[in-house]
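Visitor: Below: one structure in structure tokens.
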Ligand SMILES: Cc1ncc(C[n+]2csc(CCOP(=O)(O)OP(=O)(O)O)c2C)c(N)n1
Ligand SMILES: Cc1ncc(C[n+]2csc(CCOP(=O)(O)OP(=O)(O)O)c2C)c(N)n1
Ligand code: SF4
Ligand code: SF4
Ligand SMILES: [Mg+2]
Ligand SMILES: [Mg+2]
């Protein structure tokens, strides 16, 4: 919350393959509340992109409206961003991706933005299998409008003002799988290491990758009785698996005892190495993942980790059959059929 | 499809407890295509309401836009109806129900109306536990706009023009349970008997009752390759249970061998008697129902019958704590606090 | 009884049941007229359902080139629908002709003495000739076309050629269709003396360039030629066929020759909010992007239109207007979204509008719209209507000049960015209100900015400073002013003798104007014409209006919306413009306009000259 | 240095960090002024985020009753925010006073010679006195209020009383608060001579009836008194507190005394489309139903507004306007939704608008809106704004007359239905365009009909007949005409001497008008005033405008939207109305209006009288 951000880069900062340091992935100074979970998510995005050596300007940051949707301003200052309208980011992201399949799309939304006003768009962008990482900074509350419950607020939990939420809560991870998402995970703003791994895998994944991130709102939803306080999360969280992301460039041949881990090779050749902790569900099996989630929901447990992945997923452009070259790269030459064809078209109307 | 409807009532027509015949529950003449599944649904509504002896004018018919949403004109001519806007019937129904909890609400929608443009409203009206019967005349296609695929169109199925649908299909019954619906069933426009039973139970149920009704569009989606043709349904349908609805007034004490049927007593004392056919899932168990549906979806099977019921469900008004008397019945006397209270309010601002 | 006698000037009205395949047969008839070189104007007046309701198809043939709906009774009515036959018989002009199916005998009470009633046992013929119920239904329509040919002396070979062309690739269908035509042709000849008083002849000076096409196909083709690559949409009548045509043309013209992949992307969205969101995302990311909708879709797009205005995203929206408000009459035409589009969205917003009046213009503006949008960095809304979009129109052909490269507007590429010291997305470098933009991913360290619907400074940084906000809003006003000279200019038609009266109009009203002018001339009223082609208004419009004693503004809506816009934006005294409004959902007729003009013109007392003129006299 | 000397006429500006509890302390100060019987006008100018950004609170005290924002520099600035202190110091009027926290020494470069700079070690005091970090933050604000009291000679007991009232029920908090006040009070006394040149005294003629309240609480209370029972909403600044207040008042006033159930139902919807859908469903089913929103919500409600217009559903929509377009400046005020609300939705639509200007009027119109909506069977939109809605205003009190029973309009009950031969929902029985409606479930066999957004005949049967459609649309026009005489009339204020100039304005501009009139009078310009209170416009407005040489229309938007509406709807020559537009997001000032009037008035050459008048002279 300091007023000016220093642009000084310590010479010893670690440089990635592009020769860039962590600082090169930062954005402008956050205006969120001190301690807001969303700032930790921004930091994780910075770290994940840095570690993946993504050229910052080849990332597009898409968001709706809310504290969470403001956050993209606070990471990747060299990337274009689009803070659109409340709940409708998925459609804007869809159009952007249709126009240029070669950028990395990071959508950042809030629980209100996604599970209330944006629920329809959320469901439908998933159905399109769009190649993007969609993260929800989920605090079970409308932060920016000062504390109303969202549709992810746990049934029976109480608001800061003491009102009991009588409505069924939406579990976005379940819905994502239902709608056909091919990478679904849950993280916690307080666990950067896990978040960074999940984000790296999500960005490497081709197709729709969703991460539901529990991100407590320290101002309006961190009290006793809340289903999204730090305490609530710590008491109800259950880790499904520990994961490691191994990029394609690294040696993935290190032997590991077979029955301890499961390895998932993603479409670009990178790998997710999963170590089961409590659960025994197969992360590549949709029905397994769904029943684990349903059961956890029933038991008031919040599963975290990689919940479901289909490494052979299709992407929207496969579905559409779009040209490999980004559409925004095409010129009049490719696009305009010219007068002689128009003549024959005219003839067809005679 | 005849031009004028006769108003002659045969004296031998069966009369219900209100002394009304089936004809008293009819609406105006249908303008749908000859053979459209939706007309069969209208007929089932007429029969169900007649058999339940509902006073027709105490029913409110709510709909969106589409061939299916036109259908309410074709049943219960003595009931008020509201043909609202595309995909937003649930909110209008919510307001109506808030205003008068004593009417019976029948919402009729289409798959496009509900699973595409209206998906958000559909999800959220369920969360409210609104006391209504919400039926979707599901043909996997936009009938009224001439044949585009909706979000319930089966993945991989082909449109009449031959285009393959590459997008994941939404199973509305699954979503309904996910969102907290407390009565979820699936029927088929071609099976009136089953439909009538399900509708009677749905209307007797307190809380949100959803029936997904496969209702083939003979004009645009009844071809080979469609996931909603008569043939497809017949080949892929699997009956979960046979059900009987026994209204409170009838003697429900007839003994039946215990292990053959399951009896579910609804909140008003009426009963659903379920006889299992193929499946062994417990219809009152949410997780059971969800996994049966997920599995069926995975196997390309369409489960029909009563899928899930929670007979002790709450209703929106329990949740809101609304007065027992319909709000639209309250007068200035109950509503206006008057000048002396206003004086003390003024004082509070001094 | 005096029978109508007319060559190449008449109206045929077909009354059918919808969903029975009549539209294609009726279209065949219109096409045959076209083949004779005759200007022809078919209007499909269909119900908002799929099957079983009365539907009408009206074909006006006019060698004089009167292409507006004539609007009165028809010269010939082909009545094939029992539900509507009572009205259909009333719809025949005295002295005209009724063709009907007399398989089932007509109620004698419906008989009219003042017309020629031609009963043909069409159903009977079909029952006899065909086994398949579908064929029995479909060929009824073909039979009456054959009969019509005999009645009006249409060369049979023309129909044969058209059928052969239509079923190219499905040759099996050709012979039975021709057989059906022939049955109608022969049968009617055996019943009445052919030809009747109404006849066709090949046109004397046929316009061999003309084409017969609907506005939606034309607009779609315009988008293809204009280089549109990203399209989000949601089905709604009457705009659906814009996208269907766009898809069809793209599948034909935009497939990569090497690998068969698509140089375009079309997404059927879950609703209109999403559809326009897709267009916005695509445009933001450097593609020419568009959507198309009607009625309720316009309202639903309103929030996003405000975003696109304020965030300056160059999208194109094709609005095929239908009769509102709300769901209104979804299969009827109107021009009633003028205000809701011009001022779309909350807050201070103004949107650029284009008003095409013919398929050729749908094509041209369909392409130009992308140039305008990118040049101006703002949404451009093309305001077509159901009549233009879904009916075939006799139009000049489409042309494309190689000399007009796409105008992508002020976009900085990596090289240009490299040479700039500090990029400011909202810096008005050129003073025209239009700033330089960048496409995401263009440059590793320069040009990135955050696009938003909130207020920002010249460097796209969020701000709540009043003066920055005002600066930006004033620049947007300046940009709108700049637009006047970029977008399409009005079309002015002066009469040979000096006119004291003028008519201002736009869009499909155009098709009724040549007839209107002639009708008025007959009544001794000389009028000049101005056709508005775009909003914001070009200064020519203001000048033009100032030049006449009385100016009429023709709107196809209730509230005189274009008049309102003129008054607001050009500061014209409202009483100086006389509104003429037709809003019954059917295309406006010359008769209607001419009568209104005559009434209003008569109303204006000699002393009551318009205020503007009088002010001039005072000064 | 000449120090400002002033009693009961000054502006204090508080500069804080948001999220630190300053608003409540600053409000305490405003309330103390009110307790002295002084007209006071606080303006909270806050950022669109939750914590850590600069926020300002400006209190104008004016015994003369000038309640508009003064707009120039402040007499006293309390600067508590290091981020903004540079600007805050510049914001002190020469001769004025700066109160700041000098725990950390001020940069000497910021020192000003022309003002009195009063440094108080506020943070230091807090660190010393409190352990709890939250208290350390909160009590800073209370301390400077205590200091201010000493500086301007505010009786300490007033603050003590206010604190005691505020923490009624939380008595433990009273003592520490008073302690903090005292520390500020004493500390500043030990530092500078008190009081300073700016002082307060109890008002000479206090208006004991006045209340200090915000418009949103008032509107909510209006809805309670007006009998609203169904409410759908979606959170959005600045309208959220309308609903929060409605809920709070209902919880207090609308609980069934017997069983504790609620005689109301409020539903937080998933978005604005749903929120207005709920209101429509409730109203259709016979409840007084409403929603409230701002900015983007208005755009999102546009489709449903069209349905409600066309299907004739009596809903109330409370629009708390903020600075647009798009997300715009969500925490700044504007009157920029006039056009988008008046013509909301596609197709030919016109909506009824109400323009409250004070909390008392928010209350009255908040109740009246339901009468109007039900009487007219159409949506009524109450156009408040952020300034009115979220700031406390010095207002006349709320009153309610027993003599005004709810006007439920033309609703037929079972008995009445019984006596009717055939019910026709859209039969214009009385010729005023308003038909009789029925509530679902009213009668077993009579009165049921299908409500729809599609065209229908007088018996609510779907139709595509042009003449039926036109009949219905013309009836809606007639109904809108009827509305003029039902809804709120304009308020006209005539000067004592004859005025050649007049100002037409609406809404919160009202608070700047008495000062405007005085400023103009000083400059020798006499003006009459007309405050618009509703749309459609009452004929008085037309007449009034015709009576002056020059009429100015004040809008708090860029595009002169009210002027536009006047021109359109009253057929006034646009050049006869001179727009004065403020749109920087801050409440308009008298200074701004007066200067514009003077400039425009000087502009108008002697000969250039308005066209209307000149026409009159010709006749
Ligand atoms: C159409 C529209 N409606 C309402 C709002 C007001 N609004 C801004 S943010 C927000 C909710 C944000 O909640 P969430 O998405 O959970 O984000 P958070 O602030 O909690 O991170 C709302 C309702 C808006 N900007 N636009
Ligand atoms: C806002 C809006 N968008 C689009 C339409 C056009 N429209 C009418 S019905 C319909 C789809 C109907 O499909 P479905 O709900 O499946 O009903 P069906 O006709 O198949 O019974 C559409 C897109 C509309 N009326 N309103
Ligand atoms: S209000 Fe909550 S969500 Fe918003 S910035 Fe503060 S802590 Fe984060
Ligand atoms: S188009 Fe399909 S859904 Fe519509 S009425 Fe015909 S058969 Fe039914
Ligand atoms: Mg949130
Ligand atoms: Mg359908």
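Chains as they are written, first to last, in this note's numbering: chain A, 465 to 814; chain B, 465 to 814; chain C, 36 to 654; chain D, 36 to 654. Every residue, glycine too, gets a C-beta built ideally from N, C-alpha and C.
(1) For ligand 3, any of its heavy atoms closer than 7 Å to the Cβ of residue 687 of chain A?
(2) Check each candidate in D/559, D/528, D/558, D/561 and name the one with the smallest Cα separation from residue 545 of chain D.
(3) At a Cβ cut of 9 Å, what residues of the region 430-447 of chain C count as close to chain A, listed as they run along the chain?
(4) So residue 505 of chain A and residue 599 of chain A are in contact, right, with Cβ under 8 Å, and what is the actual spacing, rounded?
(5) The beta strand (DSSP E) with residue 430 of chain C in it runs from where to where?
(6) With distances taken from CA atoms, which of D/461, D/481, D/255, D/57 is nearest residue 492 of chain D?
(7) Would you say the region 376-389 of chain C touches the region 398-413 of chain C, given that touching needs at least three Cβ pairs under 8 Å?
(8) Tell me whether residue 316 of chain D is buried or exposed, calling it buried when 16 or more other Cβ atoms sit within 10 Å of its Cβ.
(9) Taking 7 Å as the line, does the beta carbon of residue 374 of chain C fall inside it for any heavy atom of ligand 4?
(10) Using CA atoms only, rank isn't needed, just tell me which of C/77, C/411, C/600, C/542 is closest to residue 418 of chain C.
(11) How is the alpha helix (DSSP H) around residue 510 of chain D delimited, first residue to last?
(12) Flag this pair as yes or no: are the beta carbons of residue 660 of chain B and residue 508 of chain B separated by less than 8 Å?
(13) For residue 530 of chain B, which residues does DSSP report across the bridge?
(14) Residues of the region 797-813 of chain A in Cβ contact with chain C at a cutoff of 9 Å, in chain order, please.
(15) Going by Cα to Cα distance, which pick from D/277, D/272, D/410, D/499 is closest to residue 609 of chain A?
(16) Taking 7 Å as the cut-off, is the CB of residue 603 of chain B close to at least one heavy atom of ligand 6?
(17) Decide if residue 698 of chain B is buried, meaning its Cβ has at least 16 other Cβ atoms within 10 Å, or exposed.
(18) If residue 72 of chain C and residue 237 of chain C are in contact, beta carbons under 8 Å, what's the gap, nearest whole angstrom?
(19) For residue 517 of chain B, is the beta carbon positioned less than 7 Å from some heavy atom of ligand 5?
(20) Cβ-heavy atom distance between residue 527 of chain A and ligand 5 below 7 Å?
(21) Relative to the C-alpha of residue 664 of chain A, which residue among A/566, A/712, A/807 is closest?
(22) Hey, how far is the Cα of residue 24 of chain D from the Cα of residue 431 of chain D?
(23) Alpha carbon to alpha carbon, how far is residue 683 of chain B from residue 98 of chain C? Give it in angstroms, no decimals.
(24) For residue 367 of chain D, return the contacting residues in chain G, with the cut-off set at a CB-CB distance below 9 Å.
(25) Pick out whichever of C/63, C/344, C/554 has its Cα sitting closest to the Cα of residue 490 of chain C.
(26) Less than 7 Å separating the Cβ of residue 598 of chain A from some heavy atom of ligand 6?
Guide: Let me lay it out:
(1) For ligand 3, not one heavy atom lies less than 7 Å from the Cβ of residue 687 of chain A.
(2) D/528
(3) 430, 432, 433, 434, 435, 436, 437, 440, 441
(4) 7 Å
(5) It spans 427-430 - the beta strand (DSSP E) in which residue 430 of chain C sits, taken as one unbroken run.
(6) Of the listed residues, the one whose Cα sits closest to residue 492 of chain D is D/461.
(7) yes
(8) buried
(9) no
(10) C/542
(11) 501-519
(12) yes
(13) DSSP lists no partner for residue 530 of chain B.
(14) 798, 799, 800, 801, 802, 803, 805, 806, 807, 809, 810, 811, 812, 813
(15) With distances taken between Cα atoms, residue 609 of chain A lies closest to D/272.
(16) yes
(17) Around the beta carbon of residue 698 of chain B, fewer than 16 other beta carbons sit within 10 angstroms, so the residue counts as exposed.
(18) 6 Å
(19) Not under cutoff, so the answer is no.
(20) no
(21) A/712
(22) Chain D is shown only over 36 to 654; residue 24 of chain D falls outside these bounds and no answer can be derived.
(23) 39 Å
(24) Absence of chain G from the displayed structure is noted, the protein chains being A, B, C and D.
(25) C/344
(26) no
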